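I have placed the structure first, in the form of structure tokens, so that the comments after it can refer back to it.
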Amino acid sequence: MASTWYYASPERPRLWRVTLAWLYRYWEPLTVAGLTALTLWMYLFRRHLTPDVHTDEYNYYRAGYNIWRFGSNAWPESGPITVHPPIYFLCEALLFSLVRTDVEGMYQGVYTARILNAIFATITALLVYLLARKLGGKRMAFLAMGVYMLDPFILRTNRRGMLETLTELWVVIAFLFFYLWHTHFTFRRQIALGVVMGLSLLTKELAIVSLVALYPFIALLPVNPLPARQALRHPLWRWVFVYWHDFKGIFSEKFALLKGLTLSFLVGLLMWTAFPIWAFSVGNGQRFLETKFSLLLRWSGKVQTTGWNRPGVSFLDPLLNNLRQYATSYILLGVGGLITLWLFFANRDTATRFLLAWAASLYATFAFVIVAGQNNDQYFYLLIIPSLLVVTYALERFMRQQKRMSPRWRWPVTIVVSVLCASFFAYNAYDWVHVYGVGVDNARWQLTQWVNDNIPPGETIGVGIRVTAYVQAMFPHNRVVTVINERQTRQMGIRYVVTGSKWLAYRFGDFEPSYYQWIEDYGKPLFSVYGPTAWRLTVYYLNY
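Residues 1308 to 1851, numbered by this note's numbering, are exactly what the sequence shown covers, in order.
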């Protein structure tokens, strides 16, 4: 009878050891997944309490609502929308069709629409991680993602339903694709990049100022080496042709990239032409051209109707008023500009050239905007992402090269840089808790609720600014008119007036300066509320 052998089974490893081994093996994707979930929560948490509803948010909500409810890309009071392309509004309509509740009314609709930007911002944070990982490795990737998560200016922009969030999402995808594909830029990849460019332009045409930075990147790429020649044994005419062939050879890769990128731009522009074609098809071609020409004049500074640097408003006032909340954002932009200058003289690998082209192009563009053009603060969202990538890339290079430093300076410099970075993240984390975690910034909502509860429906309310659809939506049950002086107020028999300290400080409206003093002299304040966005809003009852 054959003998049977029994082998003792090895001791089963303990569960905690298996868990630790699994965590050690997959720590990076698990950490990224956790940070991604945290980013989404940071944008969704208390979105109805802070920040206050912005004018543009309400306009974009109305556009998406009309597409969802009526199938029309139009505003009721002015017809088809030609100021912005429709991609973002279509995304809002899709969200409303899925949610179906809490989309009626200005405030509930805007708060629901903010879910969309929270998702877009979370995807952008993940893309920033992936792009930074390709540029500088894991350490730079986590630094860049952390800065994106906590930067106060990025948080403020992405917690609102603004176009810039989705616009920059497409831009980051385009830059990531081109950086990954530039060494093997096939026809299919050129078309794919063109589609992404088209989506960015169909979200907001301002994306073009970022996308054109891909051309300087091609210019900064190294050329192929010139082949060595043993002797010039050919006649002069043949020598010219031989070296012309060499000249084409050393620039062949750049020419190929240039042609491929141009094809991508043509695909993107071809997609964008669907917007003007639609405008002409519905009989608004002339209005479309007038709107785009007006936007171009505003961007170039020929006409200044909005923006920080319009006549009569100091450029420094908004900077100083927002200094406490956005101090680290200002520092990030300033340090990013200095590092961009340093990149001109640094040892240039492909990542350095890529970041130099992107950041230098955007800094040059926004320098012009600050000096001469229309300088709305939300535009800087397009600049701050290349800025944070430049800063984190410089930190990564410093960490790699610190071992080459003299021992006398290595540790002091390392300690100083570490303390500065820790202070940066700690301050931003505190700022998020203070502004969004426990803070309240919904003064306009409080004003609307008080007016609905205390002023009779149909009563006329005077305001010192132009009555737009947004202003009327703040007082849905009352008639709202613009009054700029005492004479108009008496003639119209207005008893209730709403004033805003921000309207007065930034000259929103054509009211006479003495009008506010007259209101304070003859009016009785019934309700007053303050918010970081709207500042002081006060309801007066005039007894004249």
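Beta carbons: idealized from backbone N, C-alpha and C, even for Gly. Please read these numbers as outputs of a predicted model, since none were measured by experiment.
Report back the beta-carbon spacing between residue i and residue j to the nearest angstrom; my notes put them in contact at under 8 angstroms.
i     : j     : result
F1484 : L1506 : Actually they are not in contact, since the Cβ atoms of F1484 and L1506 sit about 12 angstroms apart, beyond 8 angstroms.
A1425 : Y1350 : 4 angstroms
R1660 : F1524 : 6 angstroms
A1776 : E1411 : That pair is no contact at about 15 angstroms.
T1343 : T1464 : Contact doesn't hold; Cβ gap of about 19 angstroms is too wide.
T1767 : I1801 : 6 angstroms
L1849 : Y1829 : 6 angstroms
Excluding sequence positions up to five away, which residues of its chain have a Cβ less than 6 angstroms from the Cβ of residue i?
i     : result
N1749 : L1356, D1359
A1520 : A1664, W1665, S1668
P1839 : D1748
P1529 : none
Q1795 : none
F1427 : T1472, L1473, L1476
W1752 : Y1414
V1589 : P1387
Less than 8 angstroms between the C-beta atoms of residue i and residue j, yes or no?
i     : j     : result
L1690 : L1669 : yes
V1787 : M1799 : no
I1772 : F1815 : yes
I1374 : A1340 : no
Y1743 : L1462 : yes
T1806 : I1826 : yes
P1693 : K1511 : no
E1793 : Y1822 : yes
T1635 : P1459 : yes
G1769 : Y1803 : yes
V1846 : V1758 : yes
L1639 : V1726 : no
G1452 : E1364 : Checking the sequence, you will find Met at residue 1452 rather than Gly. Their beta carbons are not under 8 angstroms apart, which means M1452 does not touch E1364 by this criterion.
F1582 : L1509 : yes
L1434 : V1479 : yes
With DSSP collapsed to three states, give me the class of residue i.
i     : result
K1831 : strand
T1493 : coil
A1538 : Confidence at A1538 is low in this model, with a pLDDT of 44, below 50, so its placement is unreliable and the value that follows should be read with caution. Residue state, collapsed to three classes: coil.
T1768 : First, the amino acid is wrong: residue 1768 is Ile here, not Thr. In the structure shown, I1768 sits in a strand (DSSP, three-state: E or B).
R1786 : strand
L1849 : strand
S1713 : coil
I1691 : helix
G1444 : coil
F1652 : coil
T1580 : coil
G1567 : helix
D1760 : helix
A1776 : helix
Y1313 : Note that Y1313 scores a pLDDT of 48, beneath 50, so its modelled location is shaky and nothing firm can be said.
G1746 : coil
P1358 : coil
L1853 : In the structure displayed, the chain extends from 1308 to 1851; residue 1853 sits before or after that span and is not available.
Y1333 : coil
V1530 : coil
R1324 : helix
T1408 : coil
M1308 : Here the model assigns M1308 a pLDDT of 46, short of 50, so the residue's position is not dependable and the matter cannot be decided.
F1815 : coil
W1546 : Below a pLDDT of 50, predicted positions are generally treated as unreliable, and W1546, at 49, falls in that range; no measurement from the model is reported.
List the residues that DSSP assigns as beta-bridge partners of residue i.
i     : result
R1843 : Y1837
P1387 : A1381
Y1803 : I1768, Y1848
What does a CB cutoff of less than 7 angstroms around residue i pick up in its chain, not counting 5 residues either side in sequence?
i     : result
A1736 : L1457
A1448 : Y1436, A1439, R1440
A1481 : L1500, V1503, M1504, S1507, L1518
T1408 : none
Y1633 : P1459, F1460
L1564 : H1489, F1492, I1525
Y1734 : T1635
Q1852 : The requested residue 1852 does not occur in the structure, where the chain is confined to residues 1308 to 1851.
S1571 : Q1497, L1500, G1501, M1504
Beta-carbon within less than 8 angstroms of residue i's beta-carbon, same chain only, minus the 5 sequence neighbours each way: which residues are those?
i     : result
F1587 : F1595
L1402 : G1371, T1419, A1420, I1422, L1423
T1362 : T1775, Y1777
L1442 : Y1486, A1658, F1661, L1662, L1696, Y1700
V1325 : none
L1702 : M1447, L1450, V1724, C1728
N1591 : G1386, P1387, T1389
R1797 : Y1851
N1366 : W1382, A1776, Y1777
C1398 : G1371, L1423, L1473
Using 8 angstroms as the limit for Cβ to Cβ distance, is residue i near chain C?
i     : result
P1820 : Judged by its chain identifiers, the structure shown contains no chain C, having just a single protein chain.
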